[in-house]
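Asker: Here it is, the structure, as structure tokens.
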Amino acid sequence: MNPLLNQLQPYPFARLREAMQGVNPPEGVTPVHLHIGEPKHPTPEVITSALTASLHELEKYPLTAGLPELRQACADWLQRRYDGLTVNPDTEVLPVLGSREALFSFVQAVLNPVSDDLKPVVLSPNPFYQIYEGAAILGGGEIRFANCPAPSFKPDWKSIAEDVWQRTKVMFVCSPNNPSGSVLQLEDWQEIFDLQDKYGFIIASDECYSEIYFDGNKPIGGLQAAAQLGRSNRNIVMFTSLSKRSNVPGLRSGFVAGDAELLKNFLLYRTYHGSAMSIPVQRASIAAWNDEEHVIANRRLYQEKFDRVIPIFQQAFDVKLPDASFYIWLKVPDGDDLSFAKNLWQKAAIQVLPGRFLARDTEWGNPGEGYVRIALVADVDTCVKAAETIVSLYR
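Going by numbering that gives the first Met the number 0, the residue at position 206 of the sequence shown is 205; the numbering climbs one at a time, nothing skipped.
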């Protein structure tokens with residue numbers, strides 16, 4: 000077996016299951032699972048209708064590059080969503096099987112491990128999406144972290160040593176951030192671009208939560224920021240997905256956009272990787288990217304949840320509306336996020352994710368400790384009742 004597999008750490012949910020061994024919820028109480036970011040809103044009919052109407056096309060082998068109509072739909076969506084952002088659908092857009100698959104495989108395609116002494120570095124925010132770490136390790140690279148401390152919860156890039164910057168090949172950026180919901184502003188992107196100019200790394204911008212925002216404050220994307228600052232998209236790629244935007248995590252559909260040269264080589268890799276999207280899924284994806292009504296309705300539901308839940312939590316906790324995403328990054332009273340999660344499960348059958356499981360220990364500490372991630376993915380009434388129960392235990 001590949002010896003690098005031994006370096007992979009258990010996924011946060013596996014760590015949670017292990018930590019909860021012997022901790023049982025009260026009998027007769029229906030569990031409420033707020034620990035995993037799996038959308039629970041119904042899948043829009045515009046998507047399911049397009050999927051079922053094209054099932055006869057399962058008889059065809061799909062191309063890895065995807066249908067021209069899908070690439071065009073993705074490019075059109077980028078232009079509408081990001082204030083006129085223009086990309087070439089033939090060379091700067093590539094359909095992928097969800098952002099998770101693409102984030103992982105992209106790193107495999109671009110890393111070039113020379114030797115153990117000169118391993119390429121992949122930089123990641125901390126807390127982080129664990130795919131970043133696995134991609135770096137199995138690509139023969141080295142993962143390094145920039146902690147995201149309160150109150151901004153944005154990466155402290157200044158903490159990275161010069162010798163690490165010299166070896167950095169890829170920087171992962173996650174905005175809106177998982178788990179804090181923080182959003183990078185234009186000045187934050189300028190800082191990242193200044194570092195890129197100095198050290199020459201690739202920016203991999205994970206933007207899968209971009210469509211869950213509040214009060215009309217649309218998060219700025221990496222390609223959009225580059226365009227606004229008069230830059231090209233050279234060495235910049237963005238990853239997005241329909242999972243959160245359109246409530247179709249099982250569809251496994253997204254796309255990558257950006258630097259044409261990088262995508263040309265990524266397509267070559269994917270041609271061997273066997274990651275072509277089936278044509279019915281492509282048809283459903285076209286329908287999804289072309290429709291905004293269901294996205295607006297989806298965002299309205301999340302807005303209602305936060306409007307109802309945040310005032311309840313504020314009765315017992317220091318918490319505010321995140322910039323975006325469907326997570327509450329809750330600071331626990333005594334700083335022990337694991338005990339907090341165990342207590343909720345044991346007393347109320349409510350499951351949340353300890354923040355320490357989403358982060359790694361660094362010389363500046365574990366920035367996830369003292370927080371829990373609460374995913375407001377259940378229906379409004381369930382989220383409200385869960386919030387009331389949590390507050391009753393800690394008021």
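Glycine included, every Cβ here is placed at the ideal spot set by N, Cα and C.
Measure from the C-beta of Gly83 to each C-beta in chain B and report whether the shortest distance is under 8 Å.
Answerer: The chain inventory of the structure shown lacks chain B, comprising one protein chain alone.
Asker: Contact between the segment 103-116 and the segment 81-91: three or more CB pairs below 8 Å?
Answerer: With the cut-off at 8 Å, the segment 103-116 and the segment 81-91 do not touch.
Asker: State yes or no: is the C-beta of Asn176 within less than 8 Å of the C-beta of Phe152?
Answerer: Position 177 of the sequence shown holds residue 176. Position 153 of the sequence shown holds residue 152. Yes, they are a contact pair.
Asker: Residue ranges of each alpha helix (DSSP H) run of no fewer than 4 residues wholly in the segment 254-316, ordered along the chain?
Answerer: Qualifying alpha helix (DSSP H) stretches, in chain order: 259-272, 278-288, 292-312.
Asker: Is DSSP giving Gln20 helix, strand or coil here?
Answerer: Stepping through the sequence shown from its first residue, residue 20 is reached at position 21. Gln20: coil per DSSP, three-state reduction.
Asker: Within a Cβ cutoff of 8 Å, which residues of the same chain sit near Leu320, ignoring the five residues on either side of it in sequence?
Answerer: Reading the sequence shown from its first residue, position 321 is the one you call residue 320. Cβ neighbours of Leu320 beyond the five flanking positions: Phe213, Phe305, Ile309.
Asker: Quick check on this structure: which residue in Ser104, Asp196, Arg70, Gln189 has the alpha carbon closest to the alpha carbon of Arg233?
Answerer: Numbered from its first residue, the sequence shown carries residue 233 at position 234. It is Asp196.
Asker: Between the segment 103-110 and the segment 249-265, are three or more C-beta pairs nearer than 8 Å?
Answerer: Counting Cβ pairs under 8 Å, three or more are found: they touch.
Asker: Per DSSP, what are the beta-bridge partners of Lys330 in this structure?
Answerer: Along the sequence shown, read from residue 1 onward, the residue named residue 330 stands at position 331. Bridge partners of Lys330: Tyr370.
Asker: Report the option in Pro150, Lys341, Glu292 whose CA atom is closest to the CA atom of Pro43.
Answerer: If you number the sequence shown from 1, residue 43 lands on position 44. Cα-wise, what sits closest to Pro43 is Glu292.
Asker: Quick one: which unbroken alpha helix (DSSP H) runs of 4-plus residues sit fully inside the segment 119-166? Chain order, please.
Answerer: The qualifying runs are 130-137, 161-166.
Asker: To the nearest angstrom, how far is the alpha carbon of Phe254 from that of Pro154?
Answerer: Stepping through the sequence shown from its first residue, residue 254 is reached at position 255. Stepping through the sequence shown from its first residue, residue 154 is reached at position 155. Their Cα atoms are separated by approximately 25 Å.
Asker: For the putative contact between Lys243 and Tyr208, defined by C-beta atoms under 8 Å, what is the C-beta separation to the nearest angstrom?
Answerer: The sequence position of residue 243 within the sequence shown is 244, counting from 1. The sequence position of residue 208 within the sequence shown is 209, counting from 1. At roughly 6 Å, the Cβ-Cβ gap stays under 8 Å, so Lys243 and Tyr208 are in contact.
Asker: Thinking C-beta only, is Leu337 closer than 8 Å to Pro353?
Answerer: Within the sequence shown, the letter at position 354 stands for residue 353. Within the sequence shown, the letter at position 338 stands for residue 337. For Pro353 and Leu337, yes; Cβs fall inside 8 Å.
Asker: Exposed or buried, which one is Thr239 when buried takes at least 16 other CB atoms within 10 Å?
Answerer: As a working mapping, residue 239 is identified with position 240 in the sequence shown. The residue is buried, with at least 16 neighbouring Cβ atoms inside 10 Å.
Asker: Have a look at Trp76 and Asp193 and give me their C-alpha separation to the nearest angstrom.
Answerer: Along the sequence shown, one-based indexing puts residue 76 at 77. Along the sequence shown, one-based indexing puts residue 193 at 194. One C-alpha to the other measures close to 28 Å.
Asker: Between His40 and His32, what straight-line distance do the alpha-carbon atoms span, to the nearest angstrom?
Answerer: Within the sequence shown, numbered from 1, the residue matching residue 40 stands at position 41. Within the sequence shown, numbered from 1, the residue matching residue 32 stands at position 33. Going by the C-alpha atoms only, they are around 14 Å apart.
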